Amino acid sequence: MTGATRHEVLIACVARLLEGLHHVAVGASSPIPAAGAMLVRAQDEIAGREPLRISILGSEEHNFFTNGGVELFDCAAQGRIDAFFLGGGQIDGQGNINLVGSGDYPQSAVRWPGSFGSSFMYFVVPRVILFREEHSPRVFVERVDFISAPGTSAANVERRGGPYALLTGMAQFSFDKAHSRFRLESVHPGVTAADVRAATGFDYDASEDVPETTIPDAPTLALLRGRVREELAESYPQFAATLPEWREAA
Amino acid sequence: MALTSLDDLVAAIPSGATLSVPADYSGIAMAATAALVRHGTGGLHLICVPASGMQTDILVGEGLVATLETSAVTLGEAGGAPRFQAAARDGRLKLIDATCPAIHAGLLAAQKGVPFMPIRGIIGSDVLKHRADWKVIDNPFAGGDPIVIVPAISPDVALFHAPEADRFGNVRIGRRRELATMAYAAKKTLVTVERISETSLLADERDAAGVLPALYVSEITIAQRGAWPLGLWGEYAADGAEIARYAQMARTPQGFRAYMDGFLQRTRAAA
Numbered sequence: 016m017t018g019a020t021r022h023e024v025l026i027a028c029v030a031r032l033l034e035g036l037h038h039v040a041v042g043a044s045s046p047i048p049a050a051g052a053m054l055v056r057a058q059d060e061i062a063g064r065e066p067l068r069i070s071i072l073g074s075e076e077h078n079f080f081t082n083g084g085v086e087l088f089d090c091a092a093q094g095r096i097d098a099f100f101l102g103g104g105q106i107d108g109q110g111n112i113n114l115v116g117s118g119d120y121p122q123s124a125v126r127w128p129g130s131f132g133s134s135f136m137y138f139v140v141p142r143v144i145l146f147r148e149e150h151s152p153r154v155f156v157e158r159v160d161f162i163s164a165p166g167t168s169a170a171n172v173e174r175r176g177g178p179y180a181l182l183t184g185m186a187q188f189s190f191d192k193a194h195s196r197f198r199l200e201s202v203h204p205g206v207t208a209a210d211v212r213a214a215t216g217f218d219y220d221a222s223e224d225v226p227e228t229t230i231p232d233a234p235t236l237a238l239l240r241g242r243v244r245e246e247l248a249e250s251y252p253q254f255a256a257t258l259p260e261w262r263e264a265a
Numbered sequence: 003m004a005l006t007s008l009d010d011l012v013a014a015i016p017s018g019a020t021l022s023v024p025a026d027y028s029g030i031a032m033a034a035t036a037a038l039v040r041h042g043t044g045g046l047h048l049i050c051v052p053a054s055g056m057q058t059d060i061l062v063g064e065g066l067v068a069t070l071e072t073s074a075v076t077l078g079e080a081g082g083a084p085r086f087q088a089a090a091r092d093g094r095l096k097l098i099d100a101t102c103p104a105i106h107a108g109l110l111a112a113q114k115g116v117p118f119m120p121i122r123g124i125i126g127s128d129v130l131k132h133r134a135d136w137k138v139i140d141n142p143f144a145g146g147d148p149i150v151i152v153p154a155i156s157p158d159v160a161l162f163h164a165p166e167a168d169r170f171g172n173v174r175i176g177r178r179r180e181l182a183t184m185a186y187a188a189k190k191t192l193v194t195v196e197r198i199s200e201t202s203l204l205a206d207e208r209d210a211a212g213v214l215p216a217l218y219v220s221e222i223t224i225a226q227r228g229a230w231p232l233g234l235w236g237e238y239a240a241d242g243a244e245i246a247r248y249a250q251m252a253r254t255p256q257g258f259r260a261y262m263d264g265f266l267q268r269t270r271a272a273a
């Protein structure tokens with residue numbers, strides 16, 4: 016079997032962040048988070064555990080909601096969604112995210128779609144995974160131009176959710192709520208800690224010796240290239256086609 | 003209920019009206035949107051429930067929207083909404099940025115006939131900072147627990163597209179419950195449908211829950227493939243190539259104009 020691709024490393028990272036959870040919701044245009052969730056579900060079934068439940072938003076087939084667009088948010092408000100993924104045009108060192116635009120609001124120089132449900136979901140979903148493949152100083156900024164949702168809140172504000180990890184094309188970070196700071200946990204294969212420092216516009220904590228991200232082992236890759244790839248193709252056909260396919264003799 | 007024509011349907015939307023429209027997955031009245039453009043109904047306060055795509059981009063590009071209240075505008079896989087982005091940059095419309103569940107909460111308040119609805123989260127965001135109409139109160143039952151309240155949203159008109167209505171005015175909305183919420187909250191609800199059923203949609207208990215009763219429906223007109231180029235749940239998929247063509251052409255005002263000339267002709271021919 017050939018080695019793990021860049022995307023397969025990211026999918027395995029997502030899967031590790033979702034281990035042991037009951038229900039995760041993923042966006043209709045988020046194939047890597049969806050693939051990670053499908054990998055966990057497959058691993059759960061093989062291990063005889065209660066499998067992870069996955070709601071793919073906007074999908075008619077892979078979404079059991081019957082109460083309209085509000086049900087996702089109600090479900091999250093009731094504490095029935097353990098993990099969710101958010102991105103953003105800008106993410107800063109305090110975990111603030113900006114989905115609205117760069118420059119002065121409301122006349123944003125570059126206007127992005129908008130905050131969607133982030134201003135709410137960031138507060139109520141316990142494990143929010145920030146996922147942004149592009150790792151550059153224009154994305155990871157000192158301070159966002161607009162706060163769609165804040166990384167942390169004052170102690171008197173009811174909040175059980177918030178940033179749990181930041182996963183990028185270069186590295187994985189954890190988030191320290193008490194100090195409102197990210198910590199570099201690992202760098203993906205072929206990336207150095209210095210590369211990450213140079214590509215990140217905000218300050219963060221890191222140990223002297225940052226480990227390399229764990230790459231998926233052979234059984235994981237076999238699952239990814241077989242069952243997960245097939246399941247993924249139902250909702251994300253174009254992305255699934257870019258993943259390596261499992262071949263018996265390979 | 004007497005069926006109306008597409009032109010009469012959009013004539014029921016006065017200039018300056020507060021107009022609510024659903025998200026792309028719920029059923030967008032695109033044929034009626036084209037009729038609205040031909041009609042030149044302007045000064046709209048558009049409320050997206052809770053986000054929108056090509057429909058809003060077209061209305062904004064045509065200069066018909068004075069105020070836009072939304073959680074997001076995007077063309078999905080086809081990318082950003084170009085006329086919306088340009089109008090935001092140039093300050094050509096009043097933007098009221100929201101977050102999805104707050105729009106649902108405002109409509110829910112109107113549905114219940116109460117003045118506001120509390121909602122978790124949002125505190126500390128710039129979304130809240132720019133919303134003079136949203137307030138933070140102290141939870142009157144607990145104390146020391148700040149919580150956001152949003153006012154009821156009662157649009158003048160709700161407009162959407164659905165697979166079918168019956169001749170009594172009941173409309174099938176399936177599990178797209180936000181369409182019911184929109185209708186409960188609005189003063190007037192205008193619906194375009196693919197077809198009319200001769201038998202009552204409420205006749206079968208097994209799927210009556212997926213029907214919006216005629217009480218909440220003001221006018222209905224038939225518009226076959228009325229969501230095109232967007233899709234309609236259970237009926238047809240979105241025309242991705244057409245939306246991508248729009249996304250490409252609408253990058254410039256001239257390209258947008260050229261696209262709209264063809265779009266208006268094509269939708270008029272179909273009407």
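Heads up: the sequence lines are chains U and G, in that order. For the first sequence, this note's numbering assigns the number 16 to the initial residue and increments by one for each residue that follows. For the second sequence, this note's numbering assigns the number 3 to the initial residue and increments by one for each residue that follows. Quick reminder that beta carbons are idealized off the backbone N, C-alpha and C, glycines included. Small disclaimer: the values here were computed from a predicted structure and weren't measured.
Could you have a look at residue i and say whether DSSP puts it in helix, strand or coil?
i, result
"Met287(G)", "Any property of residue 287(G) remains undetermined from this structure, which presents chain G solely from 3 to 273."
"His47(G)", "strand"
"Tyr120(U)", "coil"
"Leu109(G)", "helix"
"Arg212(U)", "helix"
"Thr35(G)", "helix"
"Lys190(G)", "strand"
"Gly242(G)", "helix"
"Phe45(U)", "Strictly speaking, residue 45(U) in this sequence is Ser, with Phe absent from that position. Of the three classes helix, strand and coil, the one that applies to Ser45(U) here is coil, per DSSP."
"Pro165(G)", "strand"
"Leu21(G)", "strand"
"Val12(G)", "helix"
"Met119(G)", "strand"
"Val202(U)", "strand"
"Lys267(U)", "An answer regarding residue 267(U) cannot be provided, because it is not within the stretch 16 to 265 covered by chain U."
"Ala265(U)", "Because the pLDDT at Ala265(U) is just 43, under 50, the model does not fix this residue reliably, and the point stays unresolved."
Residues of chain G with a CB under 9 angstroms from the CB of residue i: which are they?
i, result
"Ser163(U)", "Asp99, Thr101, Ser127, Asp128, Val129"
"Glu75(U)", "Tyr27, Trp235, Gly236"
"Ala92(U)", "Pro103, Ile121, Arg122, Gly123"
Using only CA atoms, which one of the options lies nearest to residue i?
i, options, result
"Tyr179(U)", "Ser123(U), Arg31(U), Val24(U), Thr17(U)", "Arg31(U)"
"Val154(U)", "Tyr120(U), Ile112(U), Ser163(U), Ser168(U)", "Ile112(U)"
"Pro117(G)", "Pro153(G), Val129(G), Asp135(G), Ala13(G)", "Pro153(G)"
"Pro120(G)", "Glu65(U), Glu173(U), Glu157(U)", "Glu173(U)"
"Gly184(U)", "His150(U), Phe197(U), Trp261(U)", "His150(U)"
"Asp99(G)", "His132(G), Gly115(G), Leu77(G), Leu110(G)", "His132(G)"
"Gly279(G)", "Gly65(G), Gly81(G), Gly146(G)", "Residue 279(G) cannot be examined here, being either before or after the span of chain G that is shown, 3 to 273."
"Pro12(U)", "Ser45(U), Thr215(U), Pro46(U)", "A query on residue 12(U) cannot be resolved here, the shown segment of chain U reaching from 16 to 265 and no further."
"Val85(U)", "Arg197(G), Met251(G), Leu181(G)", "Leu181(G)"
"Ala188(G)", "Ala225(G), Ala252(G), Ile149(G), Pro157(G)", "Pro157(G)"
"Phe79(U)", "Leu36(U), Ala40(U), Asp232(U), Val225(U)", "Ala40(U)"
"Ala33(G)", "Gly82(G), Ile222(G), Asp92(G), Ala249(G)", "Ile222(G)"
"Phe258(G)", "Met56(G), Ala240(G), Leu8(G), Val67(G)", "Met56(G)"
"Gln267(G)", "Ser17(G), Ala37(G), Asp10(G)", "Ala37(G)"
"Pro148(G)", "Trp230(G), Ala134(G), Gly171(G), Arg122(G)", "Arg122(G)"
"Ile125(G)", "Ile49(G), Ile60(G), Val138(G), Gln113(G)", "Val138(G)"
"Phe161(U)", "Pro48(U), Pro46(U), Thr207(U), Leu114(U)", "Leu114(U)"
"Gly42(G)", "Val67(G), Ile30(G), Pro52(G)", "Val67(G)"
Can you list the residues of chain U that residue i reaches, using a CB-CB cut of under 7 angstroms?
i, result
"Gln276(G)", "Because chain G is modelled from 3 through 273, residue 276(G) falls outside the range shown and cannot be assessed."
"Glu180(G)", "Gly83, Gly84, Val85"
"Thr223(G)", "Neighbours of Thr223(G) on chain U: none; closest Cβ ~24 angstroms, over 7 angstroms."
Output, in chain order, the set of chain G residues within a Cβ distance shorter than 8 angstroms of residue i.
i, result
"Tyr137(U)", "Gly123"
"Val225(U)", "Within chain G, no residue comes near Val225(U); the closest Cβ sits about 31 angstroms away, beyond 8 angstroms."
"Gly15(U)", "For residue 15(U) there is no data in the structure shown, the boundaries of chain U being 16 and 265."
Anything in chain U within Cβ reach of residue i, meaning under 8 angstroms, just list it in chain order.
i, result
"Ala90(G)", "Gly116, Pro121, Gln122, Ser123, Arg126"
"Glu79(G)", "Ser44"
"Val75(G)", "Pro128, Gly129"
"Gly82(G)", "Arg126, Trp127, Pro128"
Starting from the beta carbon of residue i, find every residue of chain G whose beta carbon is closer than 7 angstroms, and list them in chain order.
i, result
"Glu8(U)", "Outside the shown range of chain U, which is 16 to 265, sits residue 8(U), and nothing can be said about it."
"Ser134(U)", "Thr101, Gly123, Ile124, Ser127, Val129"
"Phe88(U)", "Cys102, Pro103, His106"
Closer than 9 angstroms by beta-carbon distance: list the chain U residues that pair up with residue i, in chain order.
i, result
"Pro148(G)", "Ala169, Asn171, Val172, Glu173"
Whether or not the stretch 87-102 of chain U and the stretch 83-94 of chain G are in contact is what I'm after, with contact meaning three or more pairs of Cβ atoms, one per stretch, closer than 8 angstroms; do they touch?
no
Tell me, please, whether the stretch 231-250 of chain G touches the stretch 163-182 of chain G by the rule of three or more beta-carbon pairs shorter than 8 angstroms.
The answer is yes - the stretch 163-182 of chain G touches the stretch 231-250 of chain G, with three or more Cβ pairs under 8 angstroms.
Evaluate the contact criterion for the stretch 182-195 of chain U versus the stretch 138-145 of chain G: three or more CB pairs, one atom per stretch, below 8 angstroms.
no
Note to self: Please list, in chain order, the residues of the stretch 30-54 of chain G that have any C-beta partner in chain B closer than 7 angstroms.
What the structure shows: Any reference to chain B falls outside this structure, whose protein chains are U and G.
### beta strand (DSSP E) segments (min. 3 residues) lying fully within the stretch 93-176 of chain U
98-101, 105-107, 142-147
Practice task
Give a yes or no on contact between the stretch 68-83 of chain U and the stretch 109-126 of chain U, applying the rule of three or more CB pairs nearer than 8 angstroms.
Solution key: The stretch 68-83 of chain U vs the stretch 109-126 of chain U: no contact.
- request: Please determine if the stretch 250-261 of chain U and the stretch 20-28 of chain G are in contact, where contact requires at least 3 C-beta pairs separated by less than 8 angstroms.
  value: no
Runs of alpha helix (DSSP H) wholly within the stretch 196-250 of chain G (minimum 4 residues, chain order)
none
Q) At a cut of 8 angstroms, does the stretch 96-111 of chain G reach the stretch 132-147 of chain U through at least three beta carbon pairs? A) yes
Next item on the list: Counting only runs of 4+ residues fully inside the stretch 58-92 of chain U, write out the alpha helix (DSSP H) ranges in chain order.
Entry: 85-92
Would the stretch 199-213 of chain G and the stretch 238-252 of chain G be scored as touching if the rule is three or more Cβ pairs under 8 angstroms? No, because fewer than three Cβ pairs between the stretch 199-213 of chain G and the stretch 238-252 of chain G fall closer than 8 angstroms, the two stretches do not touch.
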